[in-house]
Structures are given as structure tokens and as C-alpha cells.
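Heads up: take any position in the sequence shown, counting from 1, add 270, and you land on this note's numbering.
Glycine residues also receive a C-beta, built at the ideal position from the N, C-alpha and C atoms.
In what follows, a single structure is set out as C-alpha cells and then discussed.
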Amino acid sequence: MEQLLQQAVNGISLGSIYALIALGYTMVYGVINLINFAHGEVLMVGAYIGLYLTSVLGLPFLPALLLAMVLSGVLGMVIEKVAYKPLRNGTRISALITAIAVSLFMQYGMMYFVGPESRTYKDLLPSKQIDLFSTGALIDIKSFYIIFITLIMMLLLMYLTKFTKMGKSMRALSQDRDAAELMGINVNQTISYTFFIGSSLAGAAGVLIGVYYSTINPLMGATPGLKAFVSAVIGGTGIIPGAVFGGFFLGIVETAVSAFGGSLYKDAVAFFILIVFLLVKPSGLLGKNTQEKV
Numbered sequence: 271m272e273q274l275l276q277q278a279v280n281g282i283s284l285g286s287i288y289a290l291i292a293l294g295y296t297m298v299y300g301v302i303n304l305i306n307f308a309h310g311e312v313l314m315v316g317a318y319i320g321l322y323l324t325s326v327l328g329l330p331f332l333p334a335l336l337l338a339m340v341l342s343g344v345l346g347m348v349i350e351k352v353a354y355k356p357l358r359n360g361t362r363i364s365a366l367i368t369a370i371a372v373s374l375f376m377q378y379g380m381m382y383f384v385g386p387e388s389r390t391y392k393d394l395l396p397s398k399q400i401d402l403f404s405t406g407a408l409i410d411i412k413s414f415y416i417i418f419i420t421l422i423m424m425l426l427l428m429y430l431t432k433f434t435k436m437g438k439s440m441r442a443l444s445q446d447r448d449a450a451e452l453m454g455i456n457v458n459q460t461i462s463y464t465f466f467i468g469s470s471l472a473g474a475a476g477v478l479i480g481v482y483y484s485t486i487n488p489l490m491g492a493t494p495g496l497k498a499f500v501s502a503v504i505g506g507t508g509i510i511p512g513a514v515f516g517g518f519f520l521g522i523v524e525t526a527v528s529a530f531g532g533s534l535y536k537d538a539v540a541f542f543i544l545i546v547f548l549l550v551k552p553s554g555l556l557g558k559n560t561q562e563k564v
């Protein structure tokens with residue numbers, strides 16, 4: 271029982287990172303129906319920004335996290351203006367190919383400027399383990415920070431989308447862009463704001479990955495980005511609680527597979543789950559099937 275609880279704690283810790291990245295995917299897809307495959311590379315840039323702020327400028331964890339989020343959000347807005355806005359009225363496949371091209375450009379551009387070698391984060395959080403409810407299952411204080419930040423971000427996003435003027439604009443835009451524009455909603459501003467929020471979440475995830483695993487490299491965003499996409503599909507793409515649920519679900523499954531001796535196959539299991547969900551319930555666990563007239 272203690273072993274099962276420990277693996278569940280480890281899975282939730284890993285899933286929190288997937289969930290935080292998946293929230294950014296969900297924000298963008300929910301508004302403009304675009305799978306931003308460059309999202310993982312924004313995460314990578316956020317991790318390097320956090321490394322610079324903490325190692326060179328000597329900032330503590332929280333200010334570095336917030337500043338990395340802001341700068342990553344600005345980067346996301348720039349990407350949207352340069353790469354995606356000209357294709358907004360084009361086909362979905364052209365936007366998808368562009369997203370992949372932006373992803374590769376950012377990977378090898380960062381590799382050119384900082385080099386391909388891994389960089390090491392210094393210890394920003396205390397390395398301490400807590401006995402969870404005196405059960406013998408241990409949770410690291412870093413994992414606690416990651417889980418707490420993910421849940422806070424989810425609650426803030428839910429509040430923003432439901433109760434703020436910009437959130438209502440985002441919901442209107444996700445339903446019908448033309449009608450929203452006719453009602454006086456600034457479409458360009460709303461989309462830029464959406465990319466800012468989604469990319470700032472990716473930047474936060476990049477810093478947390480650096481703190482949790484201690485090392486970063488220019489290719490670090492590819493696999494977590496794809497896993498976060500799987501998480502978003504599992505929970506229901508475009509649904510904020512679904513992204514978090516999907517991240518936790520995938521993290522627990524991967525940890526369970528690794529614990530029972532299948533660490534070499536945990537990535538394959540993740541994408542097998544993606545295929546199953548796309549075949550059985552493509553709307554995700556928390557999503558609803560919608561009919562579309564053709």
C-alpha cells in the first residue's frame with residue numbers, strides 16, 4: 271500500500287508539469303482551434319530565461335518564475351504575430367506545418383546561441399521530503415511547489431475565462447469569430463492575449479522543470495510538449511480542468527509503468543493511450559461530442 275501511494279505521489283508530481291503545459295495548449299486551441307506545436311519550445315526558452323535570472327542576476331525562485339512567465343508570454347505573442355496571424359484564414363494544415371517549422375527553428379536557434387550541452391540549475395528550493403499523512407509515502411518539497419502552482423494556475427484561468435471581460439471575449443471568439451467581431455470584440459487583441467497567457471504557462475513549466483530535474487538543454491521541450499498534447503486530448507482539448515486531469519492521469523500511468531519494470535516503454539504507452547482516446551472518445555474524458563454540419 272505504501273508503495274502504491276508513493277507511486278501515486280510521484281505520478282501526480284510528474285503529471286503536474288504535463289498539466290501546466292497542457293493548460294497553454296488548451297488556451298490556444300480553445301480560442302482559435304490551433305495546436306501550437308511550438309509550445310514546447312516556448313517552455314525551453316522559459317527554462318533558459320529562468321536559468322539566466324537565477325544564475326547570472328541572482329534572483330530568487332518566485333521573482334524569477336514570474337519574470338520568466340512574462341517574457342515567455344511576450345515571446346508567444348511575437349510568434350503569433352509573425353508566424354500564425356498571416357495564416358489565420360488559411361487551411362489548418364498550413365498552420366500546423368508552420369507550427370512545426372517554428373518549433374524546429376527555435377530548437378536549433380537556441381542550440382546555435384547557447385550550445386547543445388546541458389546547463390545546470392542551482393538549488394532554488396529546499397531539498398526536503400515530507401511524510402504524507404504519516405503513511406510512509408514521501409513527497410519532495412519541490413513536487414509540492416509544482417502541484418500547488420499548477421492548481422493555482424488552473425483556478426486563475428477558470429476565473430479569468432468565466433468572470434473577466436477578456437475571458438468572455440475569448441469564449442465568444444471560440445464559438446464564432448465572425449459574430450464576435452461584428453459584436454465589437456477586438457479579435458487580434460484577444461488572440462494575442464490568449465497566446466500571452468498560454469506561453470506564460472509554458473515559461474512557468476520550463477522553470478519548474480529546471481528546478482525539478484536540475485538540468486536543461488535546447489531539445490528539452492519536445493517530449494514534454496508532446497506529452498502535454500496527449501494530456502490535453504485525454505482530458506478534453508479546450509477544457510481547462512480537463513487539461514489538469516489529463517496531465518495527472520498521464521503522469522500516474524507513466525510512473526506506474528516505470529515502477530513495474532517498463533521504463534523503456536513509458537513513452538510508447540503514453541502515445542498508445544493517445545491512439546485509444548482518439549479512436550474511442552476523441553472529445554476527451556471531460557469533453558462532449560459535437561455535431562458539425564457539412
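When G557, V527, F530 are compared against V216, the one with the closest alpha-carbon: It is not possible to answer for residue 216, since the shown part of the chain is limited to 271 through 564.
Residue nearest to S373 in terms of C-alpha spacing, selected from A353, L357, K438, E387: The residue you call residue 373 lines up with position 103 of the sequence shown. It is A353.
Contact the segment 296–313 vs the segment 333–351: 3+ CB pairs below 8 angstroms: Yes: the two stretches touch, three or more of their Cβ pairs being nearer than 8 angstroms.
Residue closest to S553, alpha-carbon to alpha-carbon, out of T507, G517, Y535: Taking the first residue of the sequence shown as position 1, residue 553 is located at position 283. Nearest in C-alpha terms to S553, of all of T507, G517, Y535, is T507.
Same chain only: Cβ atoms within 7 angstroms of L304, ignoring 5 sequence neighbours per side: Sequence index remark: in the sequence shown, residue 304 carries index 34 (1-based). Only V298, Y354, A365 meet the Cβ criterion.
Alpha-carbon to alpha-carbon, P488 and Y382: In the sequence shown, the residue the question calls residue 382 occupies position 112. In the sequence shown, the residue the question calls residue 488 occupies position 218. About 9 angstroms.
Of the residues I416, Y535, V384, L427, the one placed nearest L284, counting alpha carbons only: Looking up residue 284 in the sequence shown gives position 14. For L284, the closest C-alpha among the options I416, Y535, V384, L427 is that of I416.
Other residues of its chain near Q277: CB distance less than 7 angstroms, five sequence neighbours each side excluded: Taking the first residue of the sequence shown as 1, we reach residue 277 at position 7. T525, A526, A529.
Nearest candidate by alpha-carbon position, reference E387, set D393, Y378, L395: Here residue 387 refers to the residue found at position 117 of the sequence shown. Taking only the C-alpha atoms, the option nearest E387 is Y378.
Limits of the alpha helix (DSSP H) - the one that D537 falls within: Reading the sequence shown from its first residue, position 267 is the one you call residue 537. Taken as a continuous stretch (DSSP letters only), the alpha helix (DSSP H) holding D537 covers 536–550.
Length of the line joining the Cα atoms of E562 and L336: Position 292 of the sequence shown, counted from the start, is the residue given in the question as residue 562. Position 66 of the sequence shown, counted from the start, is the residue given in the question as residue 336. Note that E562 scores a pLDDT of 49, beneath 50, so its modelled location is shaky and nothing firm can be said.
The alpha helix (DSSP H) enclosing D448, as first and last residue numbers: Position 178 of the sequence shown, counted from the first residue, corresponds to residue 448. Judged by DSSP secondary structure, D448 falls within the alpha helix (DSSP H) whose first and last residues are 447–452.
Sub-8 angstroms separation of G294 and G476 beta-carbons: Numbered from its first residue, the sequence shown carries residue 294 at position 24. Numbered from its first residue, the sequence shown carries residue 476 at position 206. Cβ atoms of G294 and G476: not closer than 8 angstroms.
As assigned by DSSP and simplified to three states, the class of Q276: Counted from its first residue, the sequence shown places residue 276 at position 6. Helix.
Anticipated Cβ contact below 8 angstroms, L241 with L329, distance rounded: Nothing in the structure corresponds to residue 241, since the chain is present only between 271 and 564.
Cα-Cα separation, S501 to D410: As a working note, residue 501 is residue 231 in the sequence shown. As a working note, residue 410 is residue 140 in the sequence shown. In this structure, the straight-line span from the alpha carbon of S501 to that of D410 is close to 23 angstroms.
Three-state secondary structure (DSSP) of R358: On the sequence shown, residue 358 is found 88 positions in, with the first residue counted as 1. Of the three classes helix, strand and coil, the one that applies to R358 here is coil, per DSSP.
Same chain only: Cβ atoms within 6 angstroms of M490, ignoring 5 sequence neighbours per side: Numbered from its first residue, the sequence shown carries residue 490 at position 220. Around M490: M314.
Unbroken stretches of the alpha helix (DSSP H), 4 residues or longer, contained in the segment 449–512: With a minimum length of 4 residues, the continuous alpha helix (DSSP H) runs that stay inside the segment 449–512 are 457–483, 492–505.
Per DSSP, the bridge partner or partners of L329: The count along the sequence shown starts at 1 and reaches residue 329 at position 59. Answer is none; L329 lacks a bridge partner.
One or two residues paired with Q377 in a DSSP bridge: The sequence position of residue 377 within the sequence shown is 107, counting from 1. Residue pairing by DSSP places Q377 in no beta bridge whatsoever.
Best match in P494, I479, L534 for proximity to I419 [C-alpha to C-alpha]: In the sequence shown, counting from the first residue as 1, residue 419 sits at position 149. Of the listed residues, the one whose Cα sits closest to I419 is I479.
Proximity winner among Q273, K398, S286, relative to G517 (alpha-carbon distances): Within the sequence shown, the letter at position 247 stands for residue 517. Of the candidates Q273, K398, S286, the residue whose Cα lies closest to the Cα of G517 is S286.
Spatial distance of E447 from F515 (CA atoms): Start at 1 with the first residue of the sequence shown, and residue 447 comes out as number 177. Start at 1 with the first residue of the sequence shown, and residue 515 comes out as number 245. Looking at the sequence shown, residue 447 is not Glu but Arg. Cα-Cα distance, rounded: 28 angstroms.
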